[in-house]
Each structure stands twice: as C-alpha cells, then as structure tokens.
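Asker: Taking this note's numbering, the leading residue of the sequence shown gets 292, the next gets one more, and so forth.
Every residue, glycine too, gets a C-beta built ideally from N, C-alpha and C.
Being a predicted model, the structure only gives us computed values, none of them experimental.
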Amino acid sequence: MKVSYDWLKDYLGEHAPSADEIAELLTFHSFEIEEVEAVADDTVIDVDVLPNRSSDCLCHRGIAREVATITNTPLEHDPLAAAPELAGTDSISVDIKDTAACPRFTASVIRGVKVGESPEWLQKRLKAIGQRPINNIVDATNYVMFTIGQPLHAYDATKFPQVAGTWQFVVRPAEEGEVVSLIAEGGKNEDRDVVCKAGELLIVDGSSNTAIGLAGVKGGRFAGVDESTTDVIIEAAHFHPNLTRQTARRLGIVIGASKRFENECSRELPLYAQRDIIDLIIDIAGGTFEGVIDTYPVPQEQVEVMVRTEAVNRLLGLTLTETEMIDLIQRTGSTVRAEAGVLYCTGPFERTDLLIEEDFIEEIGRIYGYQHVASVVPEATELTEINSDHYYSEIVRDVLMQEGFSEVITSSFRKKDVIQLRNALASDKSYLRSSLVKNISEALDKNAGLTDLLGTTDTRVFEIGTVFDKTADDVTEHTALCIGARLRPSGYSGKKTNSLLMFAKNCCRT
C-alpha cells in the first residue's frame, strides 16, 4: 500500500519521525518496505502489508497507529478515538436477507450537494498514492477509505424510485444467471455487465428488484453519481470476507474495496466512515445532512484472550516482567487486566487479527524488538537414547562421501507407482514412491552432461530416504539407501553418451 507522509502527519503530528525513519521502524517491527520515493512535494512510502494486518493497516490511520505503537507516543489526532453520534432517518429502509453474508449495512442521505472537481489538496493526496481523481463525491469516498480502511459507495438519490417517501435497499443472494451492470473500473471508460453465480451477494433497489451493486466488489451503473447529482446516498457496510474474495477473484475485479472486505475490516468502522464522509462532502461539495440508518442485527463483541506470562517468556526467550508485558500490549490500543500470572487482553475493535494467545505474544515480541532477543546456546545434555536410523545413516553417508559420492534428496512423490494419493498435490505427484531407484536414475540422466563442467570422470550419487510399501491392510514405510553411478568405460572418447554405463540399486533398508 502506498502511504503519503504528509497524510500520516495528520495523525502523528508535525513532530512525527521522518519518512525514512518511519520506513526503518516499520521494517524492524511490522512490514517490509518496497520503496520510499519523492512525489511532488510529498514523500510516499510503499508498505507491503501482509494479510494478517490488512484488516487495520490498509489505511493511513492504521499505519500511523502502528508508528505510534512502536515509538510509544500517542496519536495527535485519531479518527477512531470517539464514537460517532449521527442523527437517524426514516427516509431509507434496509432489508438484509442473509446476515452472515452482510452483518451490517449503513446508509446516509445528504441533500443539495454540488458535484464538481475536488479541491487541490484532495486531488494532490489521491494522486500521490496513485489514485485518479474523478469528482468531489467519488473522491471523498476514496479519501475516507484510504484514511480509515472502510470502503464506501455513493448513489444519486434522485435516480432511486421511492415508495411512500422511502428509499428501499435490499441485500440478498443473487439468482443463477442474474445480471448486474457495474460502473467502469479505474482507468477504463466502458461500463460492464456481469453474470452472477447463485449465492453471490447483491445490493438491490427494493422498489423494482433491480440489482444496483455487487456487494463488497463494485458499485452498479444504476444511480451513478454525475454532474447533475444534487442528493446523494452514501453506503458503508460490512460483507463476508470469503464471499467477497470468491466473487472478486471469479470476475477479476480485485480493487481497493474488495481487498479490504476480503481481509475483514472491522464491523465497527461503517459509522465512523459515515461521520467522516458526511463532514468531508459538506465541506467540499456543500449540502445538508439528513440522517443515517444503521442496520446491525447482531453486534460483534470483542474477544477477551487469556495470555500466560510464562508462555510469553518461554516462546520468545525473554525474561520480561508482567508490568513490561502489560505496557507493550497496551501500546497497541488493547485493554489488559492481570490476575495470578495471566493477562486477559482485549484488542481494539479495528484489530480483527488479535484472537488467540499467540497473537498477543507476537505483538509483545515485535514491539519489544526482535533485536533485543539474545541468542542462547542450549546446555549440553546427555543422550539417553540414539535413533538407530539416524545413527547408521550418518555412518553410511560419511563412507560414501569419502568415496566421491554426492548426496541427493528427491521427491517422495511420483507420477506413477503403487500407492495413489487421495488428494494429490499435482498431476505429476499422484503416487508415493515405493523405491528410490527411478529417482536416482533420473538424477544420473540429468547430470550426465555436467562431468566436464565439474571436472569429474563420472557421476556418483546416493540417497537415503523414506519409501512406502502397500500391504493388504495398510501402508508402511521404511528408510532405504540407493546408490547410483554413471561411469566412463576405458577408452571412452566422449562422443557417444550412450556408451556410458549406469547403475542404480537399492542397497539396503532399515
């Protein structure tokens, strides 16, 4: 994700670390950095946010929160600090047919807007991170998404038919073969009609049963915002990550919104996004906020996780005190209560990845700094039992290497053999090997032409590996040794490779 340094300073303050310092902090505690480059009079940091942190860090606030956590400093401005307080409205109704696929749906109405170009500051920020400005309403939805990580979509309210003064939204599974017309994708001029699979999620105009959007993936052409728009409806919802991912991948529509939904941004974000976009639209496009509807049938509770202090030090190889652990966890925005050597931790609502003990232990380790984990040589212990396979394999290995043989390790899977796998890794790996001979023969063939390059007169290899036998009732395995060589006979001229002699033979098994 491309991150604007000027944008980050909105949350970190003017005394924020430099862009290069932020890149270094993130590298050693959180993420890989692809590049730091100057863009106009800004600096852009390209951060490789992995899936385990995509729920909260595919946005500027998330990266700023991460920097604040690492440096143990508070955010100067945090858009998620205070819960939104928004007036309700009766002019919109929402009917969610599958609350597992769509746990939450919010929609707000803003009347009297003037659609046009975004102000220069907004265009500059979007361009810095590689986004194309469109108009002030659409740009506002993108700006808020890149600020707090919640996707939004804007509809022209005047293009919606109303029933008894109410706009009716329905969120339902698509029928097989149902068609939805989508707006043009970024950089493309043509709109697109897609044919849905049964079960994919649609947003529908309830008055006409017309599909107006592919939920979590792309907004529809129906009720698109243009220069004539005066009243807008803003949607901010939460859609199931797996369903969103499957639909987006099937249609090849992997864009900013679908990436965030498929990584399960928090269900608590929609109202924060509504508050921010209402303020932004009124500021840059005028208008009056009428109200918001929030359909959230089963609110999600934060998970309290039990973290054992002894498990923290045992897994990380540290000797942190309970007080130090509590401080490190609280720096993430989590709450902690201690009781008899156990920490009961609850992550902030935007951290949907903090679900088990190991998640919090990882947080402690990376924030404390892996560079502070000292290397310790284990104390020598007396062996009470020797593994016979390992013992004799080492003896055989030493002898053969002294005689000029090289050890090879080949795949345990074959295209054809005796024991077939129920769930094969690939079409050429459908069977377990019953012998090492074929693998060694193939190794000799592949290396036959390399003797001159290696300065040898012949090719000698061996393998010590597991092979599998099939009995009437079961599958058994044993360790086998196979030795192979391709030798130059006396008088060999080097002109005919078929005059070389080769042998490969299973020599022993244990």
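Spatial neighbours of A717 within its chain, please: C-beta separation below 7 Å, excluding the five flanking residues on both sides.
Answerer: For A717, where only same-chain residues beyond five positions count, there are no Cβ hits under 7 Å.
Asker: Between the C-alpha atoms of G785 and T672, what's the straight-line distance to the nearest angstrom?
Answerer: With a pLDDT of only 48 at G785, under 50, the local geometry of the prediction cannot be trusted, and no value is derived from it.
Asker: Do you know how far the Cα of L712 is from the Cα of F753?
Answerer: Distance between the alpha carbons of F753 and L712 is about 26 Å.
Asker: Just tell me which of D301, E613, V668 has its CA closest to the CA of I652.
Answerer: Looking at the Cα atoms, E613 is the closest of the given residues.
Asker: State the DSSP-derived secondary structure class of P532, mapped to helix, strand or coil.
Answerer: P532 falls in the helix class under three-state DSSP.
Asker: Could you tell me which residues DSSP pairs with S384 in its beta bridges?
Answerer: For S384, which the question treats as bridged, DSSP gives the partners Q459.
Asker: Determine the closest residue to E698 out of N533, C773, R352, with distance taken between C-alpha atoms.
Answerer: Checked all of N533, C773, R352; the closest Cα to E698 is C773.
Asker: Helix, strand or coil: which one does DSSP assign to A527?
Answerer: Of the three classes helix, strand and coil, the one that applies to A527 here is strand, per DSSP.
Asker: Near N436, what residues of its chain come up, given a Cβ to Cβ distance below 8 Å and the 5 sequence neighbours on each side ignored?
Answerer: Before going on, a small fix: residue 436 reads as Met here, not Asn. Contacts found: C350, P442, L443, G547, A548, R551, A564.
Asker: Mind reading off the beta-carbon distance from F319 to G660? Whole number of angstroms is fine, and I expect it under 8 Å.
Answerer: So it is a contact: roughly 7 Å between Cβ atoms.
Asker: Which class does R566 belong to by DSSP, given the choice of helix, strand or coil?
Answerer: Here R566 sits in helix by DSSP.
Asker: Run the CB neighbour count on I806, radius 10 Å, all protein chains shown included, and call it buried at 16 or more, exposed below.
Answerer: Residue 806 lies beyond the residue range present for the chain, which begins at 292 and ends at 801; the question has no answer from this structure.
Asker: To the nearest angstrom, how far is it from the Cα of P588 to the Cα of T334?
Answerer: Computed Cα separation, rounded: 43 Å.
Asker: Given E323, which residues of its chain have a CB within under 7 Å of its CB, disregarding the five upstream and five downstream residues?
Answerer: Here the set comprises D339.
Asker: Taking buried to mean at least 16 other C-beta atoms within 10 Å of its own C-beta, is K509 buried or exposed?
Answerer: So K509 ends up on the buried side.
Asker: One question on the structure: do D708 and S732 come within less than 7 Å of each other, judged by their Cβ atoms?
Answerer: For D708 and S732, no; Cβs fall outside 7 Å.
Asker: Using C-beta distances below 6 Å, list every residue in its chain close to P375, excluding the 5 sequence neighbours before and after it, in chain order.
Answerer: Answer for P375: L562, Y563, R566, listed in chain order.
Asker: What is the C-beta distance between D644 and R344, in whole angstroms, given that I count them as a contact (C-beta under 8 Å)?
Answerer: Confirmed, Cβ separation roughly 7 Å.
Asker: Which of the three DSSP states, helix, strand or coil, is assigned to H769?
Answerer: Residue state, collapsed to three classes: strand.
Asker: Could you round the C-beta distance between N433 and G407 to whole angstroms and report it? I think they count as a contact, below 8 Å.
Answerer: At roughly 16 Å, the Cβ-Cβ gap does not stay under 8 Å, so N433 and G407 are not in contact.
Asker: Give me, in chain order, the residues of the same chain whose beta-carbon lies closer than 7 Å to that of N738; leave out the 5 immediate sequence neighbours on both sides.
Answerer: The answer, listed in chain order, is T750.
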